[in-house]
Amino acid sequence: MSALAAIGLVALPAEAATAVKVQYKTSASGAQADQVEPWLNLVNTGTTAVALNTVKIRYYFKADSASQQYRFACSWAVVGCSTITGTFGTISPGTATADRYLEIGFTGGSLAPGASTSDMQLRFYRADWQRITQSDDYSFGAQTSYADWNKITVYQSGALLWGNAPAGGNPSPSPSPSPSPSGSPNNPGGNNGVVFDDFSYTSHTDPNINAHNWTIRTNQGGPGIPGATWPASNITFPTVSGANKALQLKSVTDGTSAGTQQSEVLHQRKFLEGTYAARVFFTDTPTTGPDGDHIVQTFFTITPLNQDLDPNYSEQDFEYLPNGGWGEPANIMYATSWETYRNEPWLAVNTHTANRISYAGWHDLVLQVSGGEIKYYIDGQLFATHGGDYYPETVQSVNFNLWFISGGLVGSSTQRQWIQQVDWFYHAKNEVVAPATVIQRVNNYRTAGTSWVDTVPAS
């Protein structure tokens, strides 16, 4: 018999060894809000470490309507937003204060005894971006300082560790992520279709442009200078880099709306997950006339905005501003991913990464959209990683445009001309292609004398 057994050692109850609590506050304490903002701090009050990937936290609320959909986002967290997941589930039949819940999980990490996650600044909102009534939500409290909160529950492997759930609110089968990414799964084999274009066209009137699913924009409207025109003749195809042809966009202005011309070329709307790439020539100065205009040189994907705060809208941008703009004083490159926006009053729901250096010259731009992540590369180097609510959900078009920021023209009536060039465009549907491999594939097409291919089906 061991000495420990001889003195009658008794194992501690499980709840004494593993115990946690949740502290809660909110940064949106009104009865109604644009977003529900539960800020949480999970504290290990037990005597053993807690593996966070076994933990689920539930915040209970009353949906504004039976069909209403919600979306989750993490604004900031000490443990890192990339480690936090948010899913929604339904309580049936529900109560007067709870028929849904937001379930927070973790992809990894551990809490030692006495440790805490510290700030987790979380939020969720209606998919239609209308205001939410939260005063009737079970877990809501109008408190702006952290305090223990037992109307939020914590489970470990399905066992309740903290809090009091409303009727029907205990765990059932795990809910599905919301939103669920649309589109096909990643396919490294690359058998889902590709688009390659070397832009070997004669002029803007070449019938192969439309036959190859490109459109040269001619209609007026935004972005840019109100009243500006978009002439098709501003699109040309000069020879660059030896014998290669390129798409060239030209925009001119004399400082007036009537004297401003902008340019844009777009592909049909049929793209979602996969790899997008283009070799683009950016300029820091106009080819003629005085310098200083706030001009935007771009390569981007976009879904149309059909209404204010359209939940189906998406956009991923490479935008180079050689003279700054939008409050920036000098050259800046943006990678921006959009969830949605509203024009009046202006509300932008996006995230961006920026670098304030010159990007004049040729650059290889690669955008990867796969597995809930958006990755932007410039010249083979990772520039930005975005995801979450900014991940696209509906098919997009591919666009290049060159336009002036309204209110950003220099005070001169002398006409000036800006250009942007695109050597080639490449897309691999549902395949993540490394930047170096993109270049290899483009070179293979050129070596084989292939100037265009499109095997991506129309949506």
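What the sequence shown shows, in mature numbering (1 follows the signal peptide of the UniProt record, and there is no 0), is residues -16 to -1, 1 to 443, in sequence order. The beta carbon of each residue, even a glycine, is placed where N, CA and C say it ideally should be.
Drop a sphere of 10 angstroms on the beta-carbon of residue i, count the other beta-carbons inside from all chains shown, and report buried for 16 or more, exposed for fewer.
i	result
Gly173	For Gly173, the predicted model reports a pLDDT of 35, less than 50, meaning its position is unreliable and no value from the coordinates is stated.
Ala57	buried
Glu21	buried
Thr434	exposed
Ser158	Residue confidence for Ser158 is low, a pLDDT of 41 falling below 50, so the modelled location carries little weight; the figure read from the coordinates is stated next. Exposed, by the Cβ-count rule.
Thr31	exposed
Pro295	buried
Ala261	buried
Asn218	buried
Ser168	With a pLDDT of only 34 at Ser168, under the threshold of 50, the placement of this residue in the model should not be trusted; the figure read from the coordinates follows. It is exposed - the Cβ of Ser168 has fewer than 16 other Cβ atoms within 10 Å.
Ser166	Note on Ser166: pLDDT 32, under 50, position unreliable in the model; no value is reported.
Asp277	buried
Asn414	buried
Asp120	exposed
Val62	exposed
Trp310	exposed
Glu303	buried
residue 446	Residue 446 lies beyond the range of the chain shown here (-16 to 443); nothing can be said about it.
Just the C-alpha distance for residue i and residue j, rounded to the nearest angstrom, thanks.
i	j	result
Ser162	Arg253	Per-residue confidence for Ser162 stands at a pLDDT of 38, beneath the threshold of 50, marking its modelled position as unreliable; no derived number is given.
residue 507	Ile341	The structure shown does not extend to residue 507, since the chain is modelled only from -16 to 443, so the question has no answer here.
Gly78	Leu231	58 Å
Asp438	Val6	53 Å
Ala151	Gly372	31 Å
Ala82	Gln105	22 Å
Asn290	Asn228	38 Å
Ala131	Leu26	11 Å
Asn307	Leu145	56 Å
Gly177	Gly258	10 Å
Phe108	Ile136	15 Å
Tyr43	Tyr85	5 Å
Gln53	Gly14	21 Å
Thr189	Thr267	26 Å
Pro222	Gly64	48 Å
Asn427	Trp214	33 Å
Gly98	Leu386	56 Å
Ser247	Ala432	31 Å
Looking at the strands, I want to know which residues DSSP matches up with residue i.
i	result
Thr137	Arg42
Tyr185	Bridge partners of Tyr185: none, in fact.
Thr259	Gln352, Ala412
His278	His278 is not bridged to any residue.
Leu86	Tyr43, Phe72
Ile403	Lys234
Tyr122	According to DSSP, which records beta bridges pairwise, Tyr122 is partnered with nothing at all.
Cys58	Leu106
Ser247	Leu386
Thinking just about the alpha-carbon of each residue, which of the options is nearest to the one in residue i?
i	options	result
Trp23	Trp60, Ser241, Ala3, Thr240	Trp60
Phe33	Lys5, Asp83, Ser94	The question names Phe, yet the displayed sequence has Ala at residue 33. Answer by Cα proximity: Ser94.
Thr128	Leu106, Ala332, Thr10, Ile403	Thr10
Lys234	Leu250, Asp438, Pro270	Pro270
Gly206	Gln16, Asn428, His336, Ile389	Ile389
His347	Asn134, Ile423, Val20	Ile423
Ala96	Asn28, Gly392, Val138, Tyr260	Asn28
Ile209	Ala111, Gly356, Asp268, Ser241	Ser241
Asn339	Thr223, Ala319, Val417	Ala319
Gly345	Val249, Ile193, Gln281	Gln281
Phe384	Phe265, Gly142, Asp121, Thr259	Phe265
Thr69	Phe409, Ser51, Thr38	Thr38
Gln404	Ser119, Arg263, Trp113, Tyr130	Arg263
Val224	Gln16, Thr202, Ala432, Asp407	Asp407
Val379	Thr285, Leu305, Ala420	Thr285
Thr398	Tyr375, Ala418, Asp275, Val333	Asp275
Ala80	Thr91, Ala99, Ala50, Pro441	Ala50
Gly364	Phe72, Glu357, Val350	Val350
Ala216	Thr237, Gly153, Val249	Val249
Asn334	Asn315, Glu312, Lys46, Tyr297	Tyr297
Met317	Tyr360, Thr287, Gly355	Tyr360
Arg115	Thr199, Leu293, Val440, Ala195	Leu293
Phe255	Val353, Gly243, Thr71, Ala126	Val353
Exercise. Can you check the stretch 306 to 392 for any beta strand (DSSP E) of at least 3 residues that lies completely inside it and give the ranges in chain order?
Key: 316 to 326, 331 to 339, 345 to 354, 357 to 362, 365 to 371, 381 to 388
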